[in-house]
Amino acid sequence: MQKLLVNDILTVKDSPVHGKGLFSSIDFSSGQTITAIEGDIIDADECVRRESEGNVYIFWKEDDIYIDVSNHSIIKFINHSCNYNCDVEEDEKGNLILIAIKDIQAGEELTIDYGYDEIYESCTCDGCTNKTIFKSN
Ligand SMILES: [Zn+2]
Numbered sequence: 002m003q004k005l006l007v008n009d010i011l012t013v014k015d016s017p018v019h020g021k022g023l024f025s026s027i028d029f030s031s032g033q034t035i036t037a038i039e040g041d042i043i044d045a046d047e048c049v050r051r052e053s054e055g056n057v058y059i060f061w062k063e064d065d066i067y068i069d070v071s072n073h074s075i076i077k078f079i080n081h082s083c084n085y086n087c088d089v090e091e092d093e094k095g096n097l098i099l100i101a102i103k104d105i106q107a108g109e110e111l112t113i114d115y116g117y118d119e120i121y122e123s124c125t126c127d128g129c130t131n132k133t134i135f136k137s138n
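Start counting the sequence shown at 2; every next residue gets the next number (the numbering used here).
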């Protein structure tokens, strides 16, 4: 597989889940911070406008505050899995961060729960249980 973008700890390459994915280059322990999530800080109206243009790289932060990472961070390559190993939290300064919620080995793909219904309907993660739930409805 070809490596596309690299920093010290993260690599972007072809993913078995979907398109490109974000992979760890080092081990992380559960609870460890992996990277800050930085981007354009926008409000809900601007979020809707950008999403209508096909931007799918916007994180919700709080209330009326969203972060568009499309031009800023390789975090945008993180895929959804129902069996995710990362979560998005706020640090003590109020910045969004990606943290490990499981022990992660070097070379593993990093995933989060995107958290919206459409993703579960078309989810292709390994042993997906959420998709089964939707299918039986
Ligand atoms: Zn799934």
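Where a beta carbon is used, it is the ideal one built from N, C-alpha and C, also for glycine.
To the nearest angstrom, how far is it from the Cα of residue i to the Cα of residue j?
i, j, result
"Asn138", "Asn84", "With a pLDDT of only 45 at Asn138, under the threshold of 50, the placement of this residue in the model should not be trusted, and no figure is reported."
"Asp88", "Glu109", "15 angstroms"
"Phe60", "Cys126", "21 angstroms"
"Val70", "Asp64", "18 angstroms"
"Lys94", "Ser123", "36 angstroms"
"Gln3", "Tyr115", "Any reading at Gln3 must be qualified, since the residue scores a pLDDT of 46, below 50, and its modelled position is unreliable; the value itself is stated next. Rounded to whole angstroms, Gln3 to Tyr115 spans 26 angstroms at the Cα level."
"Gln33", "Glu39", "18 angstroms"
"Thr112", "Ile100", "11 angstroms"
"Asn96", "Asp9", "21 angstroms"
"Asn86", "Ser53", "29 angstroms"
Under DSSP, the alpha helix (DSSP H) around residue i begins and ends at which residues?
i, result
"Ala107", "Neither: Ala107 is in no alpha helix (DSSP H) and is coded neither H nor E."
"Cys48", "45-53"
"Ile120", "118-122"
Ligand 1 and residue i: does the residue's C-beta get closer than 8 angstroms to at least one heavy atom of that ligand?
i, result
"Ser82", "yes"
"Asn86", "no"
"Lys132", "yes"
"Tyr117", "no"
"Thr36", "no"
"Cys48", "no"
"Tyr121", "yes"
"Thr12", "no"
Considering Cα atoms alone, identify which of the options is closest to residue i.
i, options, result
"His73", "Tyr117, Ile42, Lys132", "Ile42"
"Asp104", "Asn80, Ser123, Ser31", "Ser31"
"Val18", "Leu97, Ile79, Asp118", "Ile79"
"Ala45", "Glu54, Ile68, Lys21, Thr36", "Ile68"
"Val13", "Lys62, Ile76, Asp118", "Ile76"
"Gln106", "Ile35, Glu119, Tyr117", "Ile35"
"Gly20", "Tyr117, Leu11, His81", "His81"
"Lys62", "Asp92, Gly55, Asn56", "Asp92"
The beta strand (DSSP E) spanning residue i covers which residue range?
i, result
"Phe24", "21-25"
"Ile68", "66-69"
Practice item. Would you check if there are 3 or more beta carbon pairs closer than 8 angstroms linking the stretch 11-27 to the stretch 46-65? Key: no
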